[in-house]
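Asks: In our numbering, the protein residues as written are 7 to 1006.
No residue lacks a Cβ here, since even glycine has one placed at the ideal position from N, Cα and C.
Submitted below is the structure of interest, expressed as structure tokens.
Following this line, the structure appears as structure tokens:
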């Protein structure tokens, strides 16, 4: 308090020194700088400083020369600009701006130096706040000062009231003058003052005069009133001076009337009842400054009656503070501590304006560290109200706790520090929005992350809305704190098997990036393999279930628990295929349920491999005995659209021929084998599971994943279908071959009418004829009816090749003729009599239509029909019933359930007008037959040259898919009895209705 009074007295002396008429230029410049520093460092004196600058501007000392006046004005402008930058100058901007304009400062420079109104540290100046601050400062240190004991209470009250009014003498006088400055009054003043003007303009006035730009405006009138008030106050005139005198006289009267109040107050002070460090506002208002007269003449202390000590010689007892203070209860102490902390917290803005923010933070951090948790909860709540603005306080508190732990040495405990850190992190976790990374900043700048704090971070990561931010924080901890990076990495690895998909997938992404770091690679691999080894246990270990889950020890393995052990391993497998060896070792020891789950989940992570690595080749060579061929990892490591590498093909080929002759090992590298190797493997391949056969054909036909490109396959579609027809029935049963051909016909986009025409042409030219030739012809005709002309040509050429010598093909020939009537009548008439009779024996229903067809000819045309043929056609009607009564075995119509109806019967062809034309056609056919027999070349029939032999282009609008015609999409049923194949039931060789629809 003494320092406060001395400072006030020094300021008053400085202000008086400035207005002295004989002050020198150097002293005046120094005083201006001192006042500017006081205004910036003690904003509560901003009003006095601005008023002093106004007074100096209006009354420059007359002793200054012109150059000195310019120097003083320049310094005044600079100091005003520096004061204007301070946040506390907001209330005085109008006065400072007016002074700067008078000093010739450009408006742009004034605007540039103004403080921003958005600054959080600024607050409007409140006169009552400044007076209250003064009252807080004064009683805290000076209530037990003897110099203040003579200060009368009413004097303090009057001073408070004067300060609360907030108006100085100049302000009061200016308010009084402003309404009086009317144009008439100002004109009269100017006329009156002209009488007193000197003959020569003073140099000082000439140096400081600037033209008035805004004469008559409200701002200019107010400025003029303040200038006049400043001069009147300096001369001791005006209402402001009179009011101040009255306020000073009232305390004196009260002191004379009641002098005993001083003695009463002094006695109370001696008893220790007036001393209070953190008292209330009411007690402070009664203990204000004493009058100056009382300070100069302090009264002696009136001692209370005290017994003298023996041998003391009359000396006074030594003063002890404990003797005059009454002990407080614990509740009172706690309340006072809490109240003190709350007041310090509430003073945030006031302290920020005064530049003591750092000191306040240090005080708060020390108080909270030393006292109990009640204060900590209050400070924590204050910090969380605005975390961004009060983060410095949070860190100060955190580091103060850690420093206390270090200062305690070996006996120190981290409990308080850990409690502080967990309180902060938990509070941040409960905040609804954390987009600015404050949580990350607190974690990264904390001096130590304890186990409990790490658990809070883990829970933060498990929050799906903050997963990325939490794991980014863990990642930064791993890389920025290498001494404990594996501890932080372990938390992230644990999250890789989390039950929430979003949390788990995000953790796996971070881990895969860290797996690329050499220093972390080994630890990540070890963790993944440890989890993989859990699959060898008969029951899932408790580590797979969190501590918060009550799970029986003997719980069985489920798909989820198996996948939980595989998530991290499968994420690393595409980056390191050598890990497949570990899976193979675990696979052999695992139970059947685990094996099934492993085989289901392993395909996805290894399939994206575009080109097999050396590790894949090693798998193909060393791991076949650990995996069954259909699920061998080698099968999964090659994309169908990417040809296998030569090295892998070589290793698989050697494996197949030398060690494990299982054809399933060839499936992944089919497109890398030669055509001859694929054809040799076909009999074994088509006997596999239908799903596997479908995959084989997808690879060979290039239809995997919807791709129609078969350029990578060693066989084109036509060659594949021909190879299936040429498979030896001794190596593969006919039923499997039929199913394989059905798979081909199911790919309608691949097997177009042109492809099928080429296939039929090449199959017809073979010798001996393939067993399934006619089945393929009928299926092709069913799929593409426009191939009817080409099929008729095929049938004619088969007659030349003596198709009846091949019983199974002959059965199909008759069936085809039956389905294609009446177009096939011209072909049937080309048969020799004996074979024609055989046709009628098996299909007697053809006799009448064919006879009607022949009788529709003209007599000239009928003359060209051999008599033997006519005799068979006109056979006794008695034989027809016998033939009808004789069961036709598998050819009986009642037993047939054709999947696709025969093509709609076309009208019988009209007899040709030229009878010679028909005869010439028959002669040409016979001549061609003789030429073929003379050549003695089996299958030496050239390609058809007639236009009917060319396959017609497919017409999708007229094409009929045989799979959609019959029940359940089955292929046409062709019944041919087979004596040579005991493995198939009779009349079922070409009957594809025995099997279901081709697998999709």
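Does the beta-carbon distance from residue 537 to residue 585 come in below 8 Å?
Replies: Contact: no.
Asks: Give a yes or no on contact between the region 222 to 240 and the region 109 to 117, applying the rule of three or more CB pairs nearer than 8 Å.
Replies: At 8 Å Cβ cutoff, the stretches do not touch.
Asks: Could you check which residue in 32, 51, 24 and 33 has the C-alpha nearest to that of residue 13?
Replies: It is 51 whose Cα lies nearest to the Cα of residue 13.
Asks: Can you give me the C-alpha to C-alpha distance between residue 696 and residue 732, rounded to a whole angstrom?
Replies: Each residue's alpha carbon lies about 20 Å from the other.
Asks: Looking only at its chain, what residues have a beta carbon closer than 7 Å to the beta carbon of residue 31, apart from the 5 residues adjacent to it on each side?
Replies: Hits under 7 Å: 70, 74, 77 and 78.
Asks: List in chain order: all unbroken alpha helix (DSSP H) runs of 4+ residues lying wholly within the region 358 to 392.
Replies: Taking only runs of at least 4 residues, the alpha helix (DSSP H) segments lying wholly in the region 358 to 392 are 363 to 376 and 379 to 391.
Asks: May I have the straight-line CA-CA distance separating residue 875 from residue 719, to the nearest angstrom?
Replies: Spanning the two alpha carbons is a distance of roughly 51 Å.
Asks: Could you check which residue in 10, 724 and 764 has the C-alpha nearest to that of residue 800?
Replies: Checking every option, the nearest Cα to that of residue 800 belongs to 764.
Asks: Do you know whose CA, among 201, 173, 207 and 865, lies nearest residue 245's CA?
Replies: Closest by alpha carbon: 173.
Asks: Note the first and the last residue of the continuous alpha helix (DSSP H) segment covering residue 867.
Replies: Taken as a continuous stretch (DSSP letters only), the alpha helix (DSSP H) holding residue 867 covers 865 to 868.
Asks: Which runs of the alpha helix (DSSP H), 4 residues or longer, sit entirely within the region 28 to 116?
Replies: If we require 4 residues or more, the alpha helix (DSSP H) runs fully inside the region 28 to 116 come out as 31 to 47, 52 to 64, 72 to 90 and 99 to 108.
Asks: Ordered along the chain, which non-local residues of its own chain (more than five positions away) have a Cβ less than 7 Å from that of residue 380?
Replies: Excluding positions up to five away in sequence, the list reads 340 and 344.
Asks: If you measure between the beta carbons of residue 598 and residue 604, is that distance less than 8 Å?
Replies: For residue 598 and residue 604, no; Cβs fall outside 8 Å.
Asks: Cα-Cα, which of 232, 845 and 795 is closest to residue 181?
Replies: Out of 232, 845 and 795, 232 has the C-alpha closest to the C-alpha of residue 181.
Asks: State the CB to CB distance for the pair residue 845 and residue 857, rounded to an integer number of angstroms; the pair is presumed to be in contact (CB under 8 Å).
Replies: Not confirmed; about 13 Å, so no contact.
Asks: To the nearest angstrom, report how far apart residue 770 and residue 730 are at their CA atoms.
Replies: Cα to Cα, residue 770 sits roughly 15 Å from residue 730.
Asks: So, with DSSP's three-state summary, where would you put residue 458?
Replies: Helix, per DSSP.
Asks: From residue 387 to residue 431, what does the alpha carbon distance come to, in whole angstroms?
Replies: Residue 387 and residue 431: Cα-Cα distance of roughly 13 Å.
Asks: Let me check understanding here. Comparing Cα to Cα, which of 748, 23, 779 and 382 lies closest to residue 813?
Replies: Taking only the C-alpha atoms, the option nearest residue 813 is 779.
Asks: Do the region 476 to 491 and the region 443 to 455 touch if we need at least three Cβ pairs shorter than 8 Å?
Replies: Touching, yes.
Asks: Could you check where the alpha helix (DSSP H) with residue 660 kicks off and where it finishes?
Replies: Residue 660 -> alpha helix (DSSP H) spans 652 to 660.
Asks: Taking residue 384 as the reference, which of 412, 364 and 347 has the closest Cα?
Replies: Of the listed residues, the one whose Cα sits closest to residue 384 is 347.
Asks: Is the beta carbon of residue 38 sitting closer than 8 Å to the one on residue 20?
Replies: Cβ distance not < 8 Å, so residue 38 and residue 20 don't count as in contact.
Asks: Report buried or exposed for residue 677, applying the criterion of at least 16 other Cβ atoms within 10 angstroms of its Cβ.
Replies: When all chains shown are included, residue 677 counts as buried.
Asks: Find out if the Cβ-Cβ distance for the pair residue 1011, residue 671 is shorter than 8 Å.
Replies: Nothing can be reported for residue 1011: it is not among the residues displayed for the chain, which extend from 7 to 1006.
Asks: To the nearest angstrom, how far is the alpha carbon of residue 17 from that of residue 45?
Replies: The straight-line gap from Cα to Cα measures roughly 11 Å.
Asks: Look at residue 749 and residue 699 and say whether their C-beta atoms are less than 8 Å apart.
Replies: In contact: residue 749 and residue 699 (Cβ atoms closer than 8 Å).
Asks: I need the straight-line Cα distance from residue 684 to residue 566, nearest angstrom please.
Replies: When rounded, the distance between both Cα atoms is 40 Å.
Asks: What residue does the alpha helix (DSSP H) around residue 768 start on, and which one ends it?
Replies: Start and end: 759 to 771.
Asks: Nearest to residue 860 by CA position, among 832, 253 and 674, is which residue?
Replies: Among 832, 253 and 674, the Cα nearest to that of residue 860 belongs to 832.
Asks: Using the C-alpha atoms, what's the distance from residue 855 back to residue 862?
Replies: Computed Cα separation, rounded: 11 Å.
Asks: Mind listing, in chain order, the continuous alpha helix (DSSP H) runs of no fewer than 4 residues lying wholly within the region 677 to 733?
Replies: Complete alpha helix (DSSP H) runs here, min 4: 681 to 691, 696 to 707 and 723 to 731.
Asks: Helix, strand or coil, according to DSSP, for residue 18 in the structure here?
Replies: Three-state DSSP puts residue 18 in a helix.
Asks: What is the C-beta distance between residue 178 and residue 101, in whole angstroms, given that I count them as a contact (C-beta under 8 Å)?
Replies: Going by Cβ atoms, the distance from residue 178 to residue 101 rounds to 16 Å, so no, they are not a contact pair.
Asks: Any idea what DSSP makes of residue 174, helix, strand or coil?
Replies: Coil.
Asks: Pick from 805, 821 and 865: whose alpha carbon is nearest that of residue 841?
Replies: It is 805 whose Cα lies nearest to the Cα of residue 841.
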